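Structure first, then comments.
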Amino acid sequence: DIQLTQSPSSLSASVGDRVTITCQASHDITNFLNWYQQKPGKAPKLLLYGASSLKTGVPSRFSGSGSGTHFSFTISSLQPEDIATYYCQQYDDLPLTFGGGTKVEIK
Amino acid sequence: EVQLVQSGAEVKKPGEFLKISCKGSGYRFSNYYIAWVRQMPGKGLEWMGIIFPGDSDTRYSPSFQGQVTISADTSINTAYLHWSSLKASDTAMYYCARQGSAVVSPSDYWGQGTLVTVSS
């Protein structure tokens, strides 16, 4: 199985801050990486696919980059409604696997 | 509008059988994989497996192979996740998600989740 290591596991930032999360894959997954947002008590929601493609309707303050084994996810200006846990997921090979998640809180 | 609606919360005893469902609407159900994802209390997401309803092609994560069964009924646009004998460790939230028309693809729409509690 392809392992995904996300960091940090949690972070606290102020409204308006730039927030970055990283995801490292145990094997080269080209750009087959998704980012999901899960708000408390809710189902996950797809934000980005193909490492950097924004799903239609997702605010442009969310972005992603990377290829191979190193990826990053950025919120350019943190908003109160962005409080959630964020997960990366690889879809290069079965079984699909998720990173451990990053909980984002407001300072 | 694409929607996945899951069956309601369940409370079961160890050793019991359970089948939970996920009904798709707003798209051609047969043409997209449905994935099942487990989230244990306070923990992260775990991909369990997928089914292509059009031909019942089913794949499992090794971690869940033999522990659960995934099936689908295209006549009623519904996918299922079932256990023949529940364990306390099966207590979790279970999500279904539409995974696209390729066996490896993003999950672009998710159900609301089904909470399964297994306790004696």
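Chains as they are written, first to last, in our numbering: chain A, 23 to 129; chain B, 26 to 145. Just so you know, even glycine gets a beta-carbon here, dropped at the ideal spot from N, CA and C. None of these values were measured; they are calculated from a predicted model.
Residue j beta carbon less than 9 angstroms from that of residue i
| i | j | result |
| --- | --- | --- |
| alanine 35 (chain A) | threonine 91 (chain A) | no |
| proline 66 (chain A) | tyrosine 113 (chain A) | no |
| valine 30 (chain B) | glycine 136 (chain B) | yes |
| glycine 95 (chain A) | glycine 72 (chain A) | The sequence given here has phenylalanine at residue 95 (chain A), not glycine. Not a contact, by the Cβ cut-off of 9 angstroms. |
| aspartate 39 (chain A) | proline 117 (chain A) | no |
| alanine 104 (chain B) | isoleucine 76 (chain B) | yes |
| phenylalanine 93 (chain A) | threonine 44 (chain A) | yes |
| serine 96 (chain B) | serine 81 (chain B) | yes |
| valine 129 (chain B) | leucine 43 (chain B) | no |
| leucine 70 (chain B) | glutamine 60 (chain A) | yes |
| glycine 33 (chain B) | leucine 111 (chain B) | no |
| serine 86 (chain B) | methionine 73 (chain B) | yes |
| leucine 70 (chain A) | serine 82 (chain A) | no |
| serine 145 (chain B) | asparagine 56 (chain A) | no |
| phenylalanine 120 (chain A) | leucine 26 (chain A) | yes |
| isoleucine 45 (chain B) | glutamine 124 (chain B) | no |
Selected residue, minimal CA-CA separation from residue i, among the options
| i | options | result |
| --- | --- | --- |
| valine 62 (chain B) | B:Leu29, B:Gln28, B:Lys112 and B:Gly138 | B:Gly138 |
| serine 31 (chain A) | A:Lys129, A:Gly122 and A:Ile128 | A:Gly122 |
| threonine 78 (chain A) | A:Phe120, A:Leu68 and A:Gly86 | A:Leu68 |
| serine 98 (chain A) | A:Ile24, A:Val37 and A:Gln111 | A:Val37 |
| glycine 79 (chain B) | B:Pro131, B:Trp108, B:Ala127 and B:Val141 | B:Ala127 |
| isoleucine 51 (chain A) | A:Glu127, A:Ile128, A:Gln111 and A:Asp104 | A:Gln111 |
| lysine 48 (chain B) | B:Gln28, B:Ala60 and B:Lys38 | B:Gln28 |
| valine 143 (chain B) | B:Thr83, B:Arg123 and B:Trp108 | B:Trp108 |
| serine 114 (chain B) | B:Lys68, B:Glu26, B:Tyr134 and B:Ser50 | B:Lys68 |
| aspartate 104 (chain A) | A:Tyr58, A:His49, A:Gln28 and A:Ser87 | A:Tyr58 |
| serine 89 (chain A) | A:Lys64, A:Ser29, A:His49 and A:Gly63 | A:His49 |
| asparagine 56 (chain B) | B:Lys38, B:Asn102 and B:Arg84 | B:Asn102 |
| aspartate 115 (chain A) | B:Arg84, B:Ala122 and B:Tyr119 | B:Arg84 |
| lysine 129 (chain A) | A:Gln28, A:Val41 and A:Gly63 | A:Val41 |
beta-carbon residue i near the ligand SAH non-hydrogen atom, thresh 8 angstroms
| i | result |
| --- | --- |
| glutamine 124 (chain B) | Absence of the ligand SAH from the depicted structure is noted, as is the absence of any ligand whatsoever, leaving it without description. |
Segments assigned alpha helix (DSSP H), at least 4 residues, entirely inside the segment 42 to 105 of chain A: none
Determine which residues of the segment 34 to 51 of chain B have a Cβ less than 9 angstroms from any Cβ of chain A, and write them out in chain order. none
Taking a cut of 8 angstroms between CB atoms, which residues from the segment 113 to 128 of chain A lie near chain B? Tyr113, Asp114, Asp115, Leu116, Pro117, Leu118, Thr119, Phe120, Gly121, Gly122 and Gly123
Check whether the segment 73 to 88 of chain A and the segment 87 to 102 of chain B are in contact - that is, three or more C-beta pairs closer than 8 angstroms. no
So within the segment 48 to 101 of chain B, which uninterrupted beta strand (DSSP E) runs reach at least 3 residues, ignoring any that extend past its ends? 59 to 64, 70 to 77, 82 to 85 and 94 to 98
The segment 57 to 75 of chain B: positions lying closer than 9 angstroms to chain A by Cβ: Ala60, Val62, Gln64, Lys68, Gly69, Leu70, Glu71, Trp72, Met73, Gly74 and Ile75
By the 8 angstroms beta-carbon criterion, what residues does the segment 39 to 57 of chain A contribute toward chain B? Phe54 and Asn56
Threshold first: 3 residues or longer. Then list the beta strand (DSSP E) segments lying entirely within the segment 102 to 136 of chain B, N to C. 103 to 108 and 117 to 123
Of all the residues that make up the segment 91 to 104 of chain B, which are near chain E by a beta-carbon distance shorter than 7 angstroms? Going by chain labels, chain E is absent from the structure shown, which instead holds the protein chains A and B.
Within 9 angstroms of chain B by C-beta, residues of the segment 97 to 111 of chain A in sequence order: Thr107, Tyr109 and Gln111
Looking at chain A, which residues of the segment 74 to 88 of chain B have a Cβ within less than 9 angstroms of any of its Cβ atoms? Gly74, Ile75, Arg84, Tyr85, Ser86, Pro87 and Ser88
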